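Chains as they are written, first to last, in the numbering used here: chain A, 1 to 480; chain B, 1001 to 1100.
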């Protein structure tokens, strides 16, 4: 088993010259070489780039210069984030050979902070999925139980951290794609507020929902990576000018007296019984920490999946119109331009992506726009209002991350609707634009399968969310 | 049945997407199930609800935060063109669309 490095332990070991950044990179590539043939968490490795960065860090250490905050930290990046010179496929055949000429801002910020980019992690095609089984390059296996899915769509990023193949990773979350695999692989995973992290260089799925966020071994490292990646970027007009607090410095603020809302709509039917017990035990921990528990109502929760699959598919059908065989990616030739478009897209996209393009095009088409898309946008307002109302009474909201632990490969692939319902507790926060984290909250099925506790905060309230998650973790939440 | 085979075919044409007969049948069936589920939104009276067309608050929308419109050089064109399936610098080549 690989060593369980953290940002702090990497920093200490480099400072004490117990290991060099190059050795650390080599150790991680060696572990990836040993484990990836089975787990399939990585689609591409960027060894040249990682070692070049390692040498820069080692030169700083040798010269006794101050080290940037993520110096020598080995990180993995979901394959929907553009990486200069490193193949970026989005888990799709249509981008099998695509090599971006520039870096996503989030990736550039990690590297500027000293991180070593190890490679690109597997994911559901264009981030569409909840189990990683929609990748054109095969599913990722859950390191905690290899007959199970790792969750999705950022399954590779979750599995890479859980298997100690990276100290931290970046994923993306549109309806739960960071938090749900974080829960299922047993690692903390966070989606910041809409607009918190620049999406420049993120290959778009649903633009009013997509967010970038970290996975790590502990909440402190999640806070650190979020802090490095957050903040205004002139290249993304949806990245906000809101100030970025020092999440790490504020982590130890006391949580006693914090008001936590428990929405009854998240504890109804459909939740696994063992998961429920773990979440209830997790809530007891928060109570012992002095948090004030308040029962709240979020009456439109039950409509969130329906709204999500209108809005996300509509935006996807629009965003994915760019894959036309002209400027990048696959082309299937034909003498007619329109037939070339149709053949290229028919051959390049996988089943789930096509299903969503068809649904999204349908809900946007003449005669159906008002009944579906406009209706969805209106109910989205009601869901966002549920959150605003709740945050007049409480400081944070606690729920399960997923109604079930990791399921078996193939168990839900024939029933798209059942697969969609796995996101029932995460899509609400995506639609509302608020930040959310999943933290490990015990294991079920004979102590084998991790459960995640989800904490939502108000928009740009990441600091409080992280404080609660950190306090929960320090109080033994992971082994409840 | 809300969606027929012809409906799926029409939508696929709008989306420039070639689908096989099997795909048309499978997607037709699955989309009907999904749309039935989505139909639950009709339980809600939204006559007086504004659609949520913007996630960010007004002071953070693109209009509020855009930079001055100053020309900035883009150096990536040649490199971008290398990613095209059929480039002819400085152009992207496509099948003929205009008959002489």
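Every residue gets a Cβ at the ideal spot worked out from N, C-alpha and C, and that includes glycine.
Please read all numbers here as calculations on a predicted model, not as lab measurements.
Residue 295(A) is bridged by DSSP to 262(A).
Residue 168(A) is a Cβ neighbour of residue 215(A), given a cutoff of 8 angstroms. Against chain B, a Cβ distance below 7 angstroms from residue 409(A) picks out nothing, because the smallest value is about 20 angstroms. For the 8 angstroms CB-CB criterion, residue 432(A) and residue 463(A) do not form a contact. In the DSSP assignment, residue 116(A) forms a beta bridge with 74(A). Counting other Cβ atoms within 10 Å of its Cβ, residue 1072(B) stays below 16 and is therefore classed as exposed. The three-state reading of DSSP puts residue 441(A) in strand, counting E and B together. Residue 1018(B) belongs to the set of residues whose beta carbon lies under 8 angstroms from a beta carbon in chain A.
Distance between residue 147(A) and residue 38(A), taken at the CA atoms: about 11 angstroms.
Residue 1016(B) places its beta carbon less than 8 angstroms from that of residue 338(A). A straight-line Cα-Cα distance of about 8 angstroms links residue 318(A) and residue 361(A). Under the 8 angstroms criterion on CB atoms, residue 382(A) is classed as interfacial with respect to chain B. Assigned with DSSP and collapsed to three states, residue 387(A) falls in helix. At a cut-off of 8 angstroms between C-beta atoms, residue 340(A) counts as an interface residue with respect to chain B.
In the DSSP assignment, residue 454(A) falls within the beta strand (DSSP E) that extends over 449-456.
Looking only at 48(A), 113(A), 85(A), 41(A), the smallest Cα-Cα distance to residue 11(A) is reached by 113(A). Against chain B, a Cβ distance below 7 angstroms from residue 101(A) picks out 1076, 1079, 1080. For residue 1097(B), the secondary structure class from DSSP, reduced to helix, strand or coil, is coil.
Contact annotation: in the region 294-309 of chain A, residues whose CB is within less than 9 angstroms of a CB in chain B are 300, 302, 303, 305, 306, 307, 309. Interface residue (Cβ-Cβ distance to chain B less than 8 angstroms): residue 43(A) is not classified as such. The continuous beta strand (DSSP E) containing residue 215(A) extends over residues 211-216.
Non-local beta-carbon contacts of residue 296(A) in its own chain, meaning distances under 8 angstroms to residues more than five positions away in sequence, involve 261, 262, 263, 264, 390, 393, 394, 397 in chain order.
Near chain A, meaning a CB-to-CB distance below 7 angstroms, the residues of the region 1042-1061 of chain B are 1044, 1046, 1049, 1050, 1051, 1052, 1053, 1055, 1056, 1060. Listed along chain B is no residue with a C-beta nearer than 8 angstroms to that of residue 179(A); the closest approach is about 18 angstroms.
Within the model, the alpha-carbon separation for residue 282(A) versus residue 162(A) is close to 21 angstroms. Rounded to whole angstroms, residue 1034(B) and residue 375(A) show a C-alpha spacing of 15 angstroms.
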